[in-house]
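Letter by letter, the sequence shown follows residues -24 to -1, 1 to 257 of mature numbering (1 follows the signal peptide of the UniProt record, and there is no 0). Here is the structure we will look at.
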Amino acid sequence: MFFSSVYFLFTLFLFLRLNFNVVGMDMDRNGCGKTKGCLFRPNGCNPMLDCAIAIVFTISGKNQLYIQMAAQSIYPPPPLQYIAIGFSHDKLMGNDFVSECVLNTDGSLFNDVEVYASYNLEKSKNDRTLLNSTEHSLLYGNIEGKMEDGRLYCSFTQAIRPQFSLSSSRSNLIWNLDKSFWIMGATGGAQPDEINSHDTARGSHFYPILSSKVIDISTTSSKHYDLPIQYQENETKKFNKINGTITPNNSAFKRLIGGGLLIISFIPLIFTKILFLPIYY
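What follows is the structure, given as structure tokens:
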């Protein structure tokens, strides 16, 4: 009886684990160019069957861009492989905001799919952007992924207007997506702390893909959703950098000055009380 119970629990654990990160993938061409943005390589491929790289994205809710990605496993298969979507102001790779999905290519039960924010520097170098757990959960959600039959699948939601503060050193690394961009897609090997260079042979099916035109992210939806206002820090903690100096937020500064003036106004009264204290002999 004991061993039967253990076997049942172990089987249940494996079943749940196997299905925990299974993507409810339904990638297809329906709505592409109208309510969805789509990139496929090669042309005419089926994203669920034979696309070397496939990326589909659409606005799925308030401040949410739903991104689906698929790729063929590269050969020889690396321990980790990534699929990435890049948002760029031009057709050239460099100075681009990237969201990368990293999976274990051997289908290990004990390796979860990971999504990272990174930035393409010039000369094909990519750096991951450090986010704490709160920032990551505000930027990405609903992360799912799997490796099946030599193909990688990944999906997640991404905030269109990130609702957290960025330090000055990161302010240009995380972008609002409420604009038009050239969209890029790439796949390649990955390390635990970075991604490797993608295939650079232009004739290869694994060479990065690029949208044929700039895409206005706000048009990739079948329904209109209002965006939240641009994130602003709490006024009592907010500091504005002006001309290289740090100036307190006006409201907080006024309250500070008001409190100081109130204290100063009591000083003459205190001294008056001390000077005219009654003297007893």
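All C-beta atoms, glycine included, are put in the ideal place defined by N, C-alpha and C.
Residues that DSSP places opposite residue i in a beta bridge
| i | result |
| --- | --- |
| M45 | I31, C130 |
| W158 | S64 |
| Q167 | E170 |
| V91 | C77 |
| R104 | S94 |
| I150 | Beta-bridge pairing links I150 to no other residue. |
| G9 | Paired residue(s): none; G9 is not in a bridge. |
| I50 | Answer is none; I50 lacks a bridge partner. |
Cβ-based burial, residue i [other Cβ within 10 Å; buried from 16]
| i | result |
| --- | --- |
| A177 | exposed |
| E98 | exposed |
| T196 | buried |
| S94 | buried |
| N102 | buried |
| Q167 | exposed |
| A147 | The question names Ala, yet the displayed sequence has Ser at residue 147. When all chains shown are included, S147 counts as exposed. |
| L79 | buried |
| P55 | exposed |
| I205 | exposed |
Rounded straight-line distance, which links the Cα of residue j to that of residue i
| i | j | result |
| --- | --- | --- |
| L25 | M45 | 13 Å |
| S173 | I31 | 19 Å |
| K122 | Y129 | 5 Å |
| E170 | T163 | 13 Å |
| Y51 | G161 | 18 Å |
| I59 | C77 | 5 Å |
| I159 | Y207 | 25 Å |
| I35 | S198 | 8 Å |
| K10 | S194 | 11 Å |
| D125 | C8 | 26 Å |
| R127 | H200 | 33 Å |
| I131 | F33 | Looking at the sequence itself, residue 131 is Ser, so the reference to Ile does not match. Distance between the alpha carbons of S131 and F33: 9 Å. |
| G13 | D88 | 27 Å |
| S156 | F63 | 9 Å |
| K189 | H65 | 11 Å |
| H181 | G165 | 15 Å |
Any C-beta of chain B under 7 Å from that of residue i
| i | result |
| --- | --- |
| S194 | Protein chains in the displayed structure number just one, and chain B is not present. |
Where are the beta strand (DSSP E) runs, 3 residues long or more, that stay fully inside the stretch 179 to 212, in chain order? none
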